[in-house]
Amino acid sequence: AQTVTQSQPEMSVQEAETVTLSCTYDTSENNYYLFWYKQPPSRQMILVIRQEAYKQQNATENRFSVNFQKAAKSFSLKISDSQLGDTAMYFCAFMKQQGGSEKLVFGKGTKLTVNP
Amino acid sequence: NAGVMQNPRHLVRRRGQEARLRCSPMKGHSHVYWYRQLPEEGLKFMVYLQKENIIDESGMPKERFSAEFPKEGPSILRIQQVVRGDSAAYFCASSFRTGGEKLFFGSGTQLSVL
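From first to last, the protein sequence lines are chains A and B. Going by the working numbering, the first sequence opens with residue 1, and the numbers climb by one from there. Going by the working numbering, the second sequence opens with residue 117, and the numbers climb by one from there.
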């Protein structure tokens, strides 16, 4: 069974600094997709970044980038130039595809606080 | 282009009552997913539907829970005879197609069972 582990329950960073959130996953599949979602206090789940496992190039979206290590099954999120609005829960997710169905398997999340 | 719309945002029910949660997917999306989030936890998959069809309900409790996505109108998640353990945030997501496509989430419905 696929599992997603986020080993950092909470992290904090100073505004304008860089922070990296860890995520590891377990799967026997070769082709799959990985995601990072942000959940601010408003509770809205916002897609931050998406990675296709068959692509070696790490995905980037403005200040957000990932370090995807397929062999190590690691998918960390780097936030550069942190802003106060980045304060939120961050969830790593693995997309499981089976028998015509797709579902996201989420980690337990990392609570990130950006301090002024 | 409105996003995924869920209502109500908050729903309070007494034990034994029924809860109906509604979800309108993004325009053009025909794939709908329901997830449940307990406090301090990540989201857990419940059910995946396409128009008029349940594709995967492997995450849904066998009793009291049901979901539909009719040809016309929103998707409905229905919980009968609610119990305190059903208290959670219920999220709906939609996608244009499958194949690792991005899922767009609604703001969720917070169900509180008294």
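Ideal placement from N, C-alpha and C gives every residue a C-beta, glycine not left out.
Residues, ordered as in the chain, of the region 43-68 of chain A that lie near chain B by beta-carbon distance below 7 Å: Here the close residues are R43, Q44, M45, L47, R50, E52.
Sequence-distant residues of the same chain with beta carbon closer than 6 Å to Q226(B), five excluded per side: Result list for Q226(B): H126, A205, in chain order.
Amino acids of chain B, ordered along the chain, whose beta-carbon sits closer than 8 Å to that of M11(A): Within chain B, no residue has its CB atom less than 8 Å from the CB of M11(A), the nearest being about 16 Å off.
Paired residues, beta bridge with R50(A) - DSSP: Answer is F35(A), bridged to R50(A).
L219(B) at chain A interface by Cβ criterion, 8 Å: Under the 8 Å criterion on CB atoms, L219(B) is classed as interfacial with respect to chain A.
Check whether A71(A) and P40(A) have beta carbons under 8 Å apart: The beta carbons of A71(A) and P40(A) sit no closer together than 8 Å.
Candidates Q122(B), V120(B), R131(B), A118(B): closest to R200(B) by CA position: Taking only the C-alpha atoms, the option nearest R200(B) is R131(B).
Beta strand (DSSP E) segment containing R129(B), residue limits: Counting along the chain, the beta strand (DSSP E) containing R129(B) begins and ends at 126-129.
Any 3 or more C-beta pairs closer than 8 Å across the region 102-112 of chain A and the region 47-56 of chain A: Three or more beta-carbon pairs separated by less than 8 Å are not found between the region 102-112 of chain A and the region 47-56 of chain A, which leaves the two stretches without contact.
Interface flag, G100(A) vs chain B, CB-CB below 8 Å: At least one C-beta of chain B is nearer than 8 Å to the C-beta of G100(A).
Top-ranked residue by Cα proximity to Q6(A), from E61(A), G85(A), K73(A): Comparing Cα positions, the closest option is K73(A).
Rounded Cβ spacing between S210(B) and R43(A) (contact assumed at less than 8 Å): For a cut-off of 8 Å, the C-beta gap from S210(B) to R43(A) is around 17 Å, too long to register as a contact.
Reduced DSSP secondary structure (H/G/I, E/B, other) of D81(A): In this structure, D81(A) counts as coil in the three-state DSSP scheme.
Cross-chain neighbours of G107(A) in chain B, by beta carbon under 9 Å: Near G107(A) (Cβ distances below 9 Å), the residues of chain B are G158.
Where K218(B) falls, given that 16 or more other Cβ within 10 Å makes a residue buried: Per the 10 Å Cβ criterion, exposed.
Within chain A, the residues that F161(B) reaches when beta carbons sit closer than 8 Å: The answer, in chain order, is K103, L104, V105.
Distance between beta carbons of V66(A) and L77(A), contact taken as under 8 Å: L77(A) to V66(A), Cβ: 6 Å. Contact.
Residue-chain proximity (F91(A), chain B), Cβ-Cβ < 8 Å: True, the Cβ-Cβ gap to chain B drops below 8 Å.
First and last residue of the uninterrupted beta strand (DSSP E) at E184(B): E184(B) -> beta strand (DSSP E) spans 181-184.
Residues that Y33(A) contacts on chain B, provided the C-beta gap is smaller than 8 Å: Residues of chain B passing the Cβ test: G216.
Span separating the alpha-carbon of T24(A) from that of S174(B): As the crow flies, the alpha-carbon of T24(A) is around 24 Å from that of S174(B).
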